[in-house]
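Take 486 as the starting number for the sequence shown in my numbering and just add one per residue.
Before any comments, here is the structure.
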Amino acid sequence: MIKLLLRKCLQGLMMILIVSAVTFALLGFAGGDALTQLRDNPQISEETIERLRSVYGLDQPLPIRYFRWLSGAVTGDLGESTYFRVPVSGLVWARSVSTFLLGTAAFAIALTFAVPLSLIGVRYKSTTIAAFIDLLILVTASTPRIVLALVALAISVRLTASAMDSSSAVLFWLAALALSAPLISAFLAQFHGELQRTMREDFIKLARAKGLSESAVILRHAVRPALNPVLTIAGLSLGGVLGGSVIVESVLGRPGLGTLMVSAVRGRDLPLVMGIVLFTSTAVWLGNALGELLQAVNDKRIRDLGF
Numbered sequence: 486m487i488k489l490l491l492r493k494c495l496q497g498l499m500m501i502l503i504v505s506a507v508t509f510a511l512l513g514f515a516g517g518d519a520l521t522q523l524r525d526n527p528q529i530s531e532e533t534i535e536r537l538r539s540v541y542g543l544d545q546p547l548p549i550r551y552f553r554w555l556s557g558a559v560t561g562d563l564g565e566s567t568y569f570r571v572p573v574s575g576l577v578w579a580r581s582v583s584t585f586l587l588g589t590a591a592f593a594i595a596l597t598f599a600v601p602l603s604l605i606g607v608r609y610k611s612t613t614i615a616a617f618i619d620l621l622i623l624v625t626a627s628t629p630r631i632v633l634a635l636v637a638l639a640i641s642v643r644l645t646a647s648a649m650d651s652s653s654a655v656l657f658w659l660a661a662l663a664l665s666a667p668l669i670s671a672f673l674a675q676f677h678g679e680l681q682r683t684m685r686e687d688f689i690k691l692a693r694a695k696g697l698s699e700s701a702v703i704l705r706h707a708v709r710p711a712l713n714p715v716l717t718i719a720g721l722s723l724g725g726v727l728g729g730s731v732i733v734e735s736v737l738g739r740p741g742l743g744t745l746m747v748s749a750v751r752g753r754d755l756p757l758v759m760g761i762v763l764f765t766s767t768a769v770w771l772g773n774a775l776g777e778l779l780q781a782v783n784d785k786r787i788r789d790l791g792f
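As structure tokens, this is what we get:
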């Protein structure tokens with residue numbers, strides 16, 4: 486376990502360095518900055534703009550600006566947002582709480598659909614249930630998030646017209662439901678398929694030979710080994726949830742990291758963009774690391790391999 490933790494920490498540091506450097510370079514090569522739009526104002530002289538660029542360090546070469554940002558980020562100083570005029574760290578943290586709650590609700594909804602349906606499908610072996618599971622996987626996997634968000638918006642407008650006091654809660658759960666659709670397809674496909682494969686293993690036949698009921702065989706012997714792919718998908722899906730929040734939050738008008746990123750890009754707010762990239766990259770790394778750790782805890786064979 487110690488070896489796994491050290492390996493994941495090293496991978497996380499390398500990933501964050503590469504992602505932050507590439508993002509900073511792409512934004513720099515794209516041209517323009519937060520002060521570019523001031524040139525459209527005839528009351529602001531070119532000398533004033535150049536003076537402001539010098540104050541914010543925008544006149545320095547790109548590598549120097551990146552290492553200045555990186556040295557500040559190491560100490561926890563992500564700079565000040567040029568668009569909102571507030572510290573980036575506080576702004577990103579405040580918005581991340583909303584996105585975290587939304588993502589947690591989306592994961593909960595996905596597991597609520599995936600786990601019981603998988604267990605029922607394996608327990609009763611009904612062609613009708615199997616067809617319903619396949620249809621649900623197809624629909625949730627193929628429907629674009631923007632379509633789901635627009636449907637959620639239409640439903641929220643209709644439902645909250647007569648109950649304005651509960652509009653916030655209704656909008657939250659509709660947004661979570663729209664965000665959970667790809668998770669439902671991933672979790673359901675992986676868990677149901679792995680359960681079906683596990684039920685054909687020799688140790689399952691041995692458990693049946695001991696006289697255990699089918700439900701006991703599934704819950705006591707089949708569920709645990711079938712969880713590993715789900716844990717892997719759960720860790721990898723965190724990045725998709727954060728990416729999907731951009732669409733869902735923008736369409737539904739929810740304050741979160743998604744809408745904050747849109748505002749930062751439109752305003753060419755480099756410190757804020759980099760703060761969001763740093764936070765989301767760290768969150769994705771933590772999700773992947775947690776998934777691998779849970780796999781090692783769940784499966785003794787993984788621990789025995791020395792990971």
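Built from N, CA and C at the ideal position, the CB exists for glycine as well.
All values derive from a computational prediction rather than experimental measurement.
Around the C-beta of residue 536, fewer than 16 other C-beta atoms lie within 10 Å, and the residue is accordingly described as exposed.
Between the C-alpha atoms of residue 675 and residue 727 there is a straight-line separation of about 21 Å. Bounds of the alpha helix (DSSP H) holding residue 601 are 573-609.
Just so you know, the alpha carbons of residue 551 and residue 511 end up roughly 12 Å apart.
Counting other Cβ atoms within 10 Å of its Cβ, residue 575 stays below 16 and is therefore classed as exposed.
Apart from the 5 residues on each side of it in sequence, residue 703 sits with its Cβ closer than 7 Å to the Cβ of 604, 607 and 608 in its chain, given in chain order.
Secondary structure note for residue 753: it is in no alpha helix (DSSP H), with a DSSP letter that is neither H nor E. One Cα belongs to residue 767, the other to residue 545, and the distance between them is close to 28 Å. Per DSSP, residue 687 is one residue of the alpha helix (DSSP H) stretching across 687-694.
DSSP places residue 548 in the uninterrupted alpha helix (DSSP H) bounded by 547-559.
Rounded to the nearest whole angstrom, the CA to CA distance from residue 735 to residue 630 is 11 Å. Non-local beta-carbon contacts of residue 586 in its own chain, meaning distances under 7 Å to residues more than five positions away in sequence, are absent. In the pairwise beta carbon analysis, the segment 690-703 is classified as not touching the segment 755-766: fewer than three pairs are separated by under 8 Å. Of the candidates 783, 770 and 782, 770 places its Cα closest to the Cα of residue 495.
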